[in-house]
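Residue numbers (numbering that gives the first Met the number 0), protein chains in the order written: chain A, 0 to 334; chain B, 0 to 334. Take a look at the structure set out below.
There are 2 protein chains.
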Amino acid sequence: MSKRLGKQTVALTSFPSINAFASIVGEKEGQGPLGLDFDAIEKDPYFGEETWEKAESRLYERGLALTLSKSLLTPDKVNYIFAGDLLNQCISSTFGIRSSHIPFYGVYGACSTMSEGLSIASMLTDGGFSDNSVVLAGSHFCSSEKQFRFPLDYGGQRTPTAQWTVTGMGGVVVGFGGPIKITHVTTGTIEDYGITDSNNMGAAMAPAFAATLTTHLEDTGRSHDYYDLIISGDLGIVGKAIAEDLLGEKGIDICNHYDDCGVLIFDGNTQDTHAGGSGCGCSASVLCGHFLPKMAKGELKKVLFIATGALMSPTSVQQGESIPSIAHAVALEVM
Amino acid sequence: MSKRLGKQTVALTSFPSINAFASIVGEKEGQGPLGLDFDAIEKDPYFGEETWEKAESRLYERGLALTLSKSLLTPDKVNYIFAGDLLNQCISSTFGIRSSHIPFYGVYGACSTMSEGLSIASMLTDGGFSDNSVVLAGSHFCSSEKQFRFPLDYGGQRTPTAQWTVTGMGGVVVGFGGPIKITHVTTGTIEDYGITDSNNMGAAMAPAFAATLTTHLEDTGRSHDYYDLIISGDLGIVGKAIAEDLLGEKGIDICNHYDDCGVLIFDGNTQDTHAGGSGCGCSASVLCGHFLPKMAKGELKKVLFIATGALMSPTSVQQGESIPSIAHAVALEVM
């Protein structure tokens with residue numbers, strides 16, 4: 000029986016739910032406006048390791064352990080892990096979960112990783128393929144700077160539109176029986192408005208967010224104000240304003256019930272983070288540390304989570320390519 | 000209703016099928032033993048572009064077009080594309096499918112990409128979430144050498160255990176109603192036997208193949224000789240022999256009905272390819288060019304396809320890490 004709804008959306012009918020969630024962030028994120036929300040703050044940027052890449056792997060390893068411990072599940076009860084990251088060949092997820100022996104599907108959606116993993120896990124759960132799945136997404140400021148921009152030691156200047164990669168992760172368990180249900184998944188298409196400035200990811204990703212949100216509303220026949228809150232991943236201050244403009248042109252005014260994880264996680268006035276937070280770990284840690292606890296307490300009941308990803312690499316930018324982006328929407332509802 | 004079977008396997012009960020398949024390879028692959036099997040052979044290694052990365056993107060773009068044309072589907076009838084590749088941040092899949100506007104989930108499983116994508120697409124189809132999905136996997140010798148080893152101009156020597164990354168791709172359409180059914184999916188766990196030689200991927204990946212095959216047989220209660228043929232992705236000559244040894248130790252002798260795509264695609268005696276072919280495009284092109292046509296003709300009826308991936312990066316190897324690997328099994332049956 001088809002569960003398809005409109006062009007890009009599926010309706011989940013077996014009531015899969017988010018049964019546990021966990022977040023770990025670095026010191027800077029812990030000093031930000033949401034600092035008190037996260038489960039753990041690690042002050043050592045190396046996480047006890049000797050390289051930034053190994054630090055990020057350790058973050059994933061601890062994140063998986065914490066997610067499992069909060070769910071009271073042992074690894075043998077988990078049917079799938081979906082995880083991905085920003086490092087070349089996604090090594091931080093691989094090495095972080097290597098010792099768990101949980102069946103693993105690597106996903107790559109750049110900063111949209113949490114909503115991509117959550118989407119696939121939710122459908123597989125709804126379809127009877129999974130009883131318990133873990134979704135992990137994270138990033139590390141120092142490994143990202145080294146890989147995508149300059150080694151930290153170089154002391155490069157940052158443009159005003161640049162975002163600050165979050166050191167942090169979020170993990171969820173998707174299963175059955177919890178109060179936070181996953182009701183719909185809208186899968187994004189690649190959008191490319193021709194932005195070529197890799198220091199302005201917010202501008203590159205805003206069209207993908209606007210497209211996925213618009214399609215979700217069309218497919219479900221819902222008005223945007225069905226949701227208590229619409230959340231974008233890491234558009235940051237610049238991208239959030241562009242997204243509001245793009246939606247405004249279509250007559251969709253979400254301003255009074257819309258937040259962006261990249262805007263929320265840092266205080267731009269005091270933390271020198273320019274346009275805000277970014278990275279797979281940005282939307283993942285804010286979802287798991289800030290928003291899901293609010294849903295668990297009943298403070299938010301209907302939430303549309305849309306993480307966004309810029310699907311570029313340093314090589315593609317150097318070769319003059321524009322920055323294609325994508326966004327996937329997951330509708331969450333407390334029932 | 001749970002579709003789970005044993006530890007890592009699901010049984011697909013709605014009879015999803017592979018409804019179309021396409022393959023494109025480079026000139027060297029076209030000169031190999033399977034040359035006549037592929038749909039298209041491109042003699043220009045640049046595919047009309049100016050960089051190796053853009054050449055690989057063009058390969059994906061053409062591969063998608065060919066897969067769709069063989070399926071008689073227009074892009075608007077395709078619910079999902081699952082694609083991934085070996086390049087940093089998976090840019091060849093992103094840029095290759097950018098203009099299609101088909102909902103997209105990026106997957107990362109290194110050379111296991113085809114079986115990972117096929118697994119997820121098959122489950123989502125079986126679960127009623129997708130009517131038609133495309134899975135694409137490909138690789139390019141020159142972009143891989145540049146990224147993982149040395150630029151070609153350097154003229155580096157290759158060790159006897161080294162494999163030759165296939166320039167090629169394979170694409171399938173998963174839907175309903177075709178004769179080649181996808182009956183079971185067994186998801187792999189990360190296996191790591193401590194191999195640190197990045198010029199011996201076959202040895203690194205063989206344990207993952209053996210583990211997934213063993214688990215598949217346990218989960219389904221089948222003997223290995225249920226299958227006309229068991230196919231590994233790109234273990235190559237070295238890895239295939241190790242896999243046979245590892246399985247032999249468990250009393251599983253598959254030698255007389257076991258092939259490896261990396262062994263088949265090149266003639267090691269005349270093509271200077273050392274231990275055989277590798278890359279996402281190896282198992283994908285051989286599956287789509289060589290094996291699926293045999294199934295369509297009824298020459299093979301029951302096939303277990305297990306692509307393998309080495310989940311490393313140049314950075315992880317340089318930092319002294321071993322090479323973790325994974326393998327996912329997809330059971331195909333003509334009905």
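Using N, Cα and C, we set each Cβ at its ideal position, and we do this for glycine too.
Would you kindly check if the distance between the Cβ of residue j and the Cβ of residue i is under 8 angstroms?
i        : j        : result
A:His139 : A:Ala82  : no
A:Cys279 : A:Thr112 : yes
B:Leu216 : B:His223 : yes
B:Gly187 : B:Ala326 : yes
A:Ile194 : A:Ala207 : no
B:Gly201 : B:Ser22  : no
A:Gly170 : A:Leu135 : yes
B:Tyr328 : B:Thr211 : Residue 328 of chain B is actually Ala in this sequence, not Tyr. Result yes, Cβ atoms of B:Ala328 and B:Thr211 sit closer than 8 angstroms.
A:Leu299 : A:His256 : no
B:Thr182 : B:Ala10  : yes
A:Ala19  : A:Lys69  : yes
A:Val302 : A:Ile241 : no
B:Ser114 : B:Pro15  : no
B:Glu52  : A:Gln318 : yes
B:Ser284 : B:Val165 : yes
B:Met334 : A:Gly127 : no
A:Tyr104 : B:Ile119 : yes
Return helix, strand or coil for residue i, following the three-state DSSP convention.
i        : result
A:Thr182 : strand
A:Asn198 : coil
A:Leu117 : helix
A:Arg57  : helix
B:Ser324 : strand
B:Lys301 : strand
A:Ala19  : strand
B:Arg3   : strand
B:Ala306 : strand
A:Leu11  : coil
A:Leu234 : coil
B:Thr166 : coil
A:Ile251 : coil
B:Gly275 : coil
B:Ala161 : coil
A:Tyr104 : strand
A:Tyr226 : coil
B:Ser129 : coil
A:Tyr192 : coil
Got a sec: is the Cβ-Cβ distance from residue i to anything in chain A below 8 angstroms?
i        : result
B:Ala89  : Looking at the sequence provided, one finds Cys at residue 89 of chain B rather than Ala. Closer than 8 angstroms to some Cβ of chain A, the Cβ of B:Cys89 qualifies, so yes.
B:Ser132 : no
B:Lys2   : yes
B:Ser231 : no
B:Lys53  : yes
B:Asn78  : yes
B:Gln162 : no
Quick one: is residue i near chain B, going by C-beta distance under 8 angstroms?
i        : result
A:Gly108 : yes
A:Leu286 : no
A:Leu72  : no
A:Gly5   : no
A:Ile325 : yes
A:Pro102 : yes
A:Ile23  : no
A:Leu65  : no
Return the CA-CA distance between residue i and residue j, expressed in angstroms with no decimal places.
i        : j        : result
A:Lys239 : A:Ala205 : 7 angstroms
B:Glu26  : B:Leu58  : 13 angstroms
A:Glu320 : B:Gly154 : 29 angstroms
A:Leu117 : B:Val173 : 22 angstroms
A:Ser99  : A:Ile179 : 26 angstroms
A:Glu332 : A:Ile264 : 23 angstroms
B:Asp338 : B:Cys89  : Look at the range of chain B in this structure, 0 to 334, and you will see that residue 338 of chain B is not part of it.
B:Ala64  : B:Val133 : 11 angstroms
A:Val316 : A:Ile322 : 8 angstroms
B:Asp259 : B:Gly267 : 14 angstroms
B:Ile189 : A:Tyr45  : 24 angstroms
B:Asp252 : B:Leu246 : 7 angstroms
A:Asn131 : B:Val184 : 17 angstroms
B:Asp152 : B:Thr124 : 45 angstroms
A:Leu291 : A:Gly232 : 14 angstroms
A:Thr50  : B:Thr73  : 47 angstroms
A:Lys91  : B:Lys296 : This sequence places Ser at residue 91 of chain A; Lys is not what is there. Roughly 43 angstroms between the two C-alpha positions.
B:Thr66  : B:Phe175 : 16 angstroms
Taking only runs that begin and end inside the region 24-76 of chain A, name each unbroken alpha helix (DSSP H) of 4 or more residues, in chain order. 26-29 and 51-70
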